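With positions in the sequence shown counted from 1, the corresponding number in the working numbering is that position plus 188.
Written out below as structure tokens is the structure these notes cover.
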Amino acid sequence: MKTILITGANQGFGKALFQLYSDKGWKVFPLIRDESALSGLKEINPSCFPILADLRDDDLIDKVTKVLSEQCDTLELLINNAGYVKKVEGALNITSEILEDHFKVNVSGIWNVSKAAYQFLIKAGHANIINVSSRRGSIEFNSSEPFARALPYKVSKCALNMLSVLMDEEFSKEGIRVIPVHPGKLKTWVAPPDADTTPEAAALKLYEWVTKIDANTPCKLYDLMNEDFIPW
Ligand SMILES: NC(=O)c1ccc[n+]([C@@H]2O[C@H](COP(=O)([O-])OP(=O)(O)OC[C@H]3O[C@@H](n4cnc5c(N)ncnc54)[C@H](OP(=O)(O)O)[C@@H]3O)[C@@H](O)[C@H]2O)c1
189 MKTILITGAN
199 QGFGKALFQL
209 YSDKGWKVFP
219 LIRDESALSG
229 LKEINPSCFP
239 ILADLRDDDL
249 IDKVTKVLSE
259 QCDTLELLIN
269 NAGYVKKVEG
279 ALNITSEILE
289 DHFKVNVSGI
299 WNVSKAAYQF
309 LIKAGHANII
319 NVSSRRGSIE
329 FNSSEPFARA
339 LPYKVSKCAL
349 NMLSVLMDEE
359 FSKEGIRVIP
369 VHPGKLKTWV
379 APPDADTTPE
389 AAALKLYEWV
399 TKIDANTPCK
409 LYDLMNEDFI
419 PW
């Protein structure tokens with residue numbers, strides 16, 4: 189049985205992924221930060237192994253490692269889906285705290301979950317890490333489509349793209365591919381005004397695409413719904 193860890197599995201894209209991988213018979217580790225979401229996840233998949241943690245926790249690595257080491261030997265797939273966005277009107281209203289909050293979730297949190305998962309991914313022989321990024325993290329896209337209120341989000345997703353490339357350089361030596369993905373314009377809680385895709389449709393697309401990832405797949409920002417790469 190293949191094993192997957194999905195962060196932010198309580199709602200939106202993460203929940204659709206959780207439902208899909210559960211339906212496909214995978215052993216699923218949903219990472220959530222709010223205990224009240226547990227019963228909903230258990231209703232969908234009574235045999236899942238929830239990890240209760242906030243991506244900003246100082247002991248995040250320990251929390252993830254503890255559950256994984258108790259419940260699995262190998263991990264085939266890590267989907268770093270959880271993401272944080274806070275809209276701020278006016279660039280000068282952005283504080284260092286707001287920037288740090290974005291980096292703690294969208295960059296450090298992803299790095300720490302990946303570090304915790306690494307020893308289990310390695311044991312799978314071939315494994316993948318999907319970092320759910322965004323078109324908004326693309327410098328080239330930004331120059332044509334400004335999103336003035338999402339500056340901290342864009343900066344953090346841009347950093348996540350770089351992190352993904354550097355992780356892939358390092359981890360692919362051990363058979364672990366790391367790829368950043370723009371999931372599409374999803375109709376979720378944080379839906380952009382031009383949202384046109386259900387999280388379920390995007391989850392299915394991701395499920396199918398991940399099966400095709402191999403050593404030759406380029407580590408570039410993959411536009412899931414358009415099946416193309418977005419320039420950095
Ligand atoms: N929606 C889109 O059109 C779109 C476009 C491009 C990229 N994305 C990316 O896709 C991913 C999923 O987004 P979504 O649309 O499904 O948004 P969403 O419905 O807001 O889901 C975000 C998830 O991240 C979790 N999360 C946020 N901060 C966290 C923290 N500190 N610790 C642990 N979990 C945390 C949330 O948990 P709580 O419920 O507990 O807050 C939630 O499960 C994100 O990375 C987002 O940036 C989305």
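All C-beta atoms in this analysis are idealised placements derived from N, C-alpha and C, irrespective of residue type, glycine included.
It should be emphasised that the depicted structure is a prediction, and the values quoted were computed from it without experimental measurement.
Any non-hydrogen atom of ligand 1 within 7 Å of residue i CB
{"i": "Leu208", "result": "no"}
{"i": "Asp272", "result": "A small fix is needed here, since residue 272 is Tyr in this sequence, not Asp. Indeed, a heavy atom of ligand 1 lies less than 7 Å from the Cβ."}
{"i": "Asp222", "result": "yes"}
{"i": "Ala383", "result": "yes"}
{"i": "Asn198", "result": "yes"}
{"i": "Thr386", "result": "no"}
{"i": "Ala379", "result": "yes"}
{"i": "His370", "result": "yes"}
{"i": "Lys373", "result": "yes"}
{"i": "Leu243", "result": "yes"}
{"i": "Gly202", "result": "yes"}
{"i": "Ser326", "result": "no"}
{"i": "Ser322", "result": "yes"}
{"i": "Val293", "result": "yes"}
{"i": "Asn269", "result": "yes"}
{"i": "Thr405", "result": "no"}
{"i": "Thr195", "result": "yes"}
{"i": "Lys283", "result": "Residue identity check: residue 283 is Thr in the sequence provided, not Lys. Because no heavy atom of ligand 1 lies under 7 Å away, the Cβ of Thr283 does not count as near it: no."}
{"i": "Thr376", "result": "yes"}
Integer Cβ distance of residue i from residue j, believed to fall under 8 Å
{"i": "Thr253", "j": "Lys311", "result": "Actually they do not touch by this definition, with Cβ atoms about 14 Å apart."}
{"i": "Leu412", "j": "Ala383", "result": "Contact doesn't hold; Cβ gap of about 14 Å is too wide."}
{"i": "Ile298", "j": "Asn319", "result": "6 Å"}
{"i": "Thr385", "j": "Lys373", "result": "6 Å"}
{"i": "Ala315", "j": "Glu264", "result": "5 Å"}
{"i": "Ser352", "j": "Cys407", "result": "7 Å"}
{"i": "Tyr395", "j": "Leu193", "result": "In fact, because the Cβ distance is near 15 Å, the residues do not count as touching under 8 Å."}
{"i": "Ser296", "j": "His370", "result": "Actually they do not touch by this definition, with Cβ atoms about 21 Å apart."}
Those residues which DSSP pairs with residue i across a bridge
{"i": "Phe417", "result": "Tyr410"}
{"i": "Pro368", "result": "Asn319"}
{"i": "Ile194", "result": "Pro218, Ile267"}
{"i": "Thr405", "result": "DSSP lists no partner for Thr405."}
{"i": "Leu374", "result": "Thr385"}
query = In chain order, which alpha helix (DSSP H) runs of at least 4 residues are fully inside the segment 325-357?
reply = Complete alpha helix (DSSP H) runs here, min 4: 327-332.
key: Length-filtered (4 minimum) alpha helix (DSSP H) runs lying within the segment 217-265   = You should have 226-232, 248-259.
message = Below 8 Å, how does it come out for the segment 337-354 and the segment 303-311: are there three or more Cβ pairs, yes or no?
response = With the cut-off at 8 Å, the segment 337-354 and the segment 303-311 do not touch.
message = Check whether the segment 231-238 and the segment 211-218 touch, using three or more Cβ-Cβ pairs below 8 Å as the test.
response = By the Cβ rule, the segment 231-238 counts as touching the segment 211-218, because three or more pairs are nearer than 8 Å.
ask   = Can we say the segment 247-257 touches the segment 279-295, given the rule of at least three CB pairs closer than 8 Å?
value = The segment 247-257 vs the segment 279-295: no contact.
query = Should the segment 190-209 be called in touch with the segment 269-283, which here means at least 3 C-beta pairs below 8 Å?
reply = These segments touch.
ask   = Using 8 Å as the Cβ pair cut-off and three pairs as the minimum, do the segment 220-231 and the segment 273-286 touch?
value = Result no; under three Cβ-Cβ pairs closer than 8 Å.
key: Start-end ranges of the beta strand (DSSP E) lying completely within the segment 279-309, minimum 3 residues   = Under the rule that a run must span 3 or more residues, no beta strand (DSSP E) segment is found entirely inside the segment 279-309.
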